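Under mature numbering (1 follows the signal peptide of the UniProt record, and there is no 0), residues -19 to -1, 1 to 191 are what the sequence shown spells out, in order.
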Amino acid sequence: MTRLIAALVSAVFLFGTLAAPAFSQARTLTPDEEFALQEISAHNTAIRTMAGRFEQIDSQGGRIEGTFWLKRPNNVRFRYGPPSREEIISQGSGFYVIDRQSRTQYAYPQENVPLRQFLGDTVSLINSSLSDVVMSESHVSVMIADDSPIGTVQVSLIFDRQTNDLVQWSLIEPSGVETTFSIYDTQKGVDIPDQYFRIDPTYRSVNAPN
């Protein structure tokens, strides 16, 4: 779990057979690709709150499920199901990894977290660090190269072409290790109080693992 958190910081969200290898430099988008990314960006910007379930699959085939809540801008919470006691919470100033059993928390700066562009007030995939776009009849795959505490991470976002919803994402670490997330049973426009992203002030701060 710690390895995944270092890459996400492990969390958001959420792959991968449609993703192509990243280019060393961004290429020029075709008119169809540019239109698709504009539609996807506008659709997801309009989603101000969302909640649902997620499944995480690591390179060894290990699976773990959990629940997530998203509230724009910059608020997200991932709660892993048993046996994990970890949660990941963002309040816009950083990503905090919470251990409910040890009652500890540690943080990563917001600017060092892959997928932060998707959590902001406005989603603009065209203005992100795009390296490739792959379109099929059913899905649009967007590859983004992003910096993280462990180096450059390749983030592959998969969107349903009919609904423009985010359905999966993959995180590929500099070592080649890949972690895949899928989201399902999502509900949009749900009421999520700001208090839901509060971190218990009695939790002890510890250093992030290397």
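Positions of the beta carbon are idealized from the N, C-alpha and C atoms, including for glycine.
Owing to the predicted nature of the structure, the values given are computational and were not obtained by experimental measurement.
Status (buried if at least 16 other CB within 10 Å, exposed otherwise) for residue i
i	result
residue 87	buried
residue 47	buried
residue 177	exposed
residue 194	This structure does not reach residue 194, given that the chain is present from -19 up to 191, and the question cannot be answered.
residue 25	buried
residue 185	exposed
residue 16	exposed
residue 156	exposed
residue 118	exposed
residue 160	buried
Reference residue i, options the options, closest by Cα
i	options	result
residue 183	83, 152 and 42	83
residue 40	152, 64, 173 and 58	152
residue 62	155, 44 and 85	44
residue 148	37, 173, 12 and 29	37
residue 72	64, 58, 81 and 65	58
Pairwise C-alpha distance: residue j and residue i
i	j	result
residue 189	residue 89	8 Å
residue 171	residue 142	23 Å
residue 53	residue 166	19 Å
residue 158	residue 11	31 Å
residue 101	residue 55	5 Å
residue 187	residue 116	43 Å
residue 51	residue 99	11 Å
residue 133	residue 173	33 Å
residue 14	residue 175	36 Å
residue 33	residue 68	15 Å
residue 75	residue 111	23 Å
residue 64	residue 136	27 Å
residue 9	residue 107	11 Å
residue 154	residue 79	22 Å
Own chain, CB closer than 6 Å to residue i, minus 5 neighbours either side, in chain order
i	result
residue 77	70, 86, 88 and 180
residue 35	-6, 47, 49, 162 and 164
residue 104	22, 25 and 26
residue 169	28 and 31
residue 138	123 and 150
residue 121	17, 140 and 142
residue 81	66
residue 60	47, 48 and 68
Proximity test, residue i beta-carbon vs the ligand HEM heavy atom, cut-off 6 Å
i	result
residue 114	In the structure on display, the ligand HEM does not appear, and there are no ligands present to speak of.
Nonlocal neighbours in the same chain, by C-beta distance under 8 Å from residue i, ignoring five residues either side
i	result
residue 20	145
Practice prompt. List in chain order: all unbroken alpha helix (DSSP H) runs of 4+ residues lying wholly within the region 125 to 158.
Written response: none
Worksheet item: Hey, which unbroken runs of the alpha helix (DSSP H) at 4 residues or more fall wholly within the region 34 to 109?
Response: DSSP runs (the alpha helix (DSSP H)) wholly in the region 34 to 109: 97 to 100.
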